[in-house]
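The structure appears right after this line, and notes come after that.
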Amino acid sequence: MGKKSGKKKYYVVWRGFRPGIYSTWEACKEQIQGYERAQYKSFDSLEEAKQAFEKSYEEIRELKGKKNLHELTTDRKPILYSLSVDAACKGNPGILEYRGVFTDTGTEVFRRGPYEQGTVNIGEFLAIVLGLAWLKKNKLKMPIYSDSRTAIAWVRKKQVNTKLKWTDKNRELLRAVHSAMKWLKENETGDIPILKWETKLWGEIPADYGRK
């Protein structure tokens, strides 16, 4: 999951409006926001970013904690024919985004945000619900992976339990939460398994934003 960090980061954009290396998240975001299937990652130093830019996104994706899921040796393996979701929040509360990707390929299926004054758990919840809705709309039956036990529990209860204060700034996010809870209560989703992503065994979830 994306987390707030005080360290200086450099961002490599492989696929975006203008591929390159950027020294701020804001500059990077301009190149990827609204760009379908954007490819980007953060690095701790400029030198590391330069070296990464010389390689392909797929190579770096595996090296940065997203293991090659086809080569896992553990007895417990993820179901590759599945959807993975994740959220990133810069601050707590802060600027929130969430997305879903195909676990096997990392292909982005949907992305939402940014929303002001959100939390990671709310983003994870919304990502799971949007994943459920997307699968039903497209008549696909595959599991959904999330690395948030809290969000999975909220989805099963069809109710968000958050201490986040709702204000004028996050009114749009509140509408999204209410809409998601309403959708859950009006739709049957028991045929779509919602599974916990085992980060310690499998590396970062494929939908991870790579901003740690």
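My numbering puts the first residue of the sequence shown at 159, with every later residue one more than the last.
Beta carbons are placed, not taken as given, at the ideal position from N, Cα and C, and that holds for glycine.
If you're wondering where the values come from, they're calculated on a predicted model, not measured in any experiment.
Who does residue i pair with in a DSSP beta bridge?
i: residue 253; result: 248
i: residue 171; result: 178 and 198
i: residue 348; result: In the DSSP output, where bridge partners are listed per residue, residue 348 has none listed.
i: residue 276; result: 252
i: residue 259; result: 242 and 266
i: residue 166; result: Bridge partners of residue 166: none, in fact.
i: residue 303; result: 242 and 353
Counting C-beta neighbours from all protein chains within 10 Å, is the total for residue i 16 or more, i.e. buried, or is it exposed?
i: residue 326; result: exposed
i: residue 277; result: buried
i: residue 163; result: Because residue 163 sits at a pLDDT of 43, beneath the cut-off of 50, its placement in the model cannot be relied upon, and the point is left open.
i: residue 357; result: exposed
i: residue 269; result: buried
i: residue 347; result: buried
i: residue 354; result: exposed
i: residue 296; result: exposed
i: residue 362; result: buried
i: residue 204; result: exposed
i: residue 359; result: exposed
i: residue 305; result: buried
i: residue 368; result: buried
i: residue 319; result: exposed
i: residue 182; result: exposed
i: residue 331; result: buried
i: residue 241; result: buried
i: residue 328; result: buried
i: residue 197; result: buried
i: residue 209; result: exposed
i: residue 298; result: exposed
If you follow the alpha helix (DSSP H) that residue i is in, where does it begin and where does it stop?
i: residue 238; result: First-last for residue 238: undefined, no H or E at that position.
i: residue 310; result: 307-315
i: residue 324; result: Element bounds for residue 324: n/a, residue is neither H nor E.
i: residue 187; result: 183-190
i: residue 205; result: 204-211
My understanding is that residue i touches residue j, with C-beta atoms under 8 Å, so please give their C-beta distance in whole angstroms.
i: residue 313; j: residue 287; result: 6 Å
i: residue 173; j: residue 239; result: Not quite, the Cβ-Cβ distance comes to about 24 Å (not below 8 Å), so this is no contact.
i: residue 289; j: residue 258; result: 5 Å
i: residue 254; j: residue 272; result: 6 Å
i: residue 179; j: residue 207; result: 5 Å
I'd like to know whether the C-beta atoms of residue i and residue j end up nearer to each other than 8 Å.
i: residue 193; j: residue 211; result: no
i: residue 280; j: residue 243; result: no
i: residue 171; j: residue 201; result: no
i: residue 256; j: residue 282; result: yes
i: residue 294; j: residue 316; result: no
i: residue 352; j: residue 310; result: yes
i: residue 341; j: residue 291; result: yes
i: residue 187; j: residue 218; result: no
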